[in-house]
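Asker: Dropping a structure here in structure tokens format, bear with me for questions.
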Amino acid sequence: MNIRLIIKTLIILLFANHTFAQGLQELDSLITSISKEVKNSKEIIRHSSSRKVFAYGTYVLPKLIYFFEETDSTNIYSECQERLLLKGEIAIILADIIEPMQYYYVTGVQNCLMTYCEDNTNYIEYYLRWYDDREARIKLFTSKYKESLANEEREKWIEILKPLDQRLKEAGVEN
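Rendered as structure tokens:
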């Protein structure tokens, strides 16, 4: 193999890794800001740091996965869960707002007859209660979510969704 090709490949890999790490640091900072400044989970969608995350669009979804299993407590109270949310759950909510999840696929629970949390646009938040062991639940959820991002059926799912900016506007969030 050509030495120049090897060097170019290494430089590209190093740059890509550095860029990815910077993206994770920025996301961590944004999620931390949300977790400290928002008091009620219904307001996550309106926070300025959330809007910065939304601006990345679906590009940020694989990076948000890195935060799903974070168990740090936040100051964000969920009326739906009747408890404070974890930092990882904030990342899950952000991911669901960017691209609504196929809830049955990622949670194993289909909500056909029950109501969601009242006046709450964080639909995934409703499903956070379905497992007794939160740590095991999040690991399983993370695994299923990774699968869902790579699933061929995802393209069909995306086609029926309204665009993010339209969903935000309907939720009363101005860009």
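Per mature numbering (1 follows the signal peptide of the UniProt record, and there is no 0), the sequence shown runs over residues -21 to -1, 1 to 154. Every residue gets a Cβ at the ideal spot worked out from N, C-alpha and C, and that includes glycine.
#1: Thinking C-alpha only, which one of P142, V85, I23 and D112 is nearest I72?
#2: How about the segment 97 to 113 and the segment 63 to 82: do they share at least three Cβ pairs that are nearer than 8 Å?
#3: By the 10 Å Cβ neighbour count, where 16 or more other Cβ atoms means buried, how is A(-1) classified, buried or exposed?
#4: Quick one: what's S57 bridged to in DSSP?
#5: Using beta-carbon positions only, say whether I55 and L63 come within less than 9 Å of one another.
#6: What's the gap between the Cα of S12 and the Cα of I117?
#7: With 16 other CB atoms within 10 Å as the buried threshold, where does V88 fall?
#8: Please list the terminal residues of the continuous alpha helix (DSSP H) segment that includes D144.
#9: Sort S20, I139 and L3 by Cα distance to Q81 and report the nearest one.
#10: Just confirm the distance between the C-beta atoms of P41 and L128, as a whole number of angstroms; I'd bet it's less than 8 Å.
#11: With respect to the alpha helix (DSSP H) encompassing Y84, which residues constitute its N-terminal and C-terminal limits?
#12: Assuming S28 contacts S57 under a Cβ cut-off of 8 Å, what Cβ separation, rounded to an integer in Å, is found between them?
#13: Starting from F33 and walking both ways along the alpha helix (DSSP H), at which residues does that stretch end?
Answerer: Here's the rundown:
#1: I23
#2: yes
#3: At A(-1), the pLDDT of 46 sits below 50, so the modelled position is not reliable and the matter cannot be decided from this model.
#4: R62
#5: yes
#6: 22 Å
#7: exposed
#8: L143 to E149
#9: I139
#10: 7 Å
#11: Y82 to T86
#12: The pair is not a contact, with the Cβ atoms about 18 Å apart (cut-off 8 Å).
#13: S27 to A34
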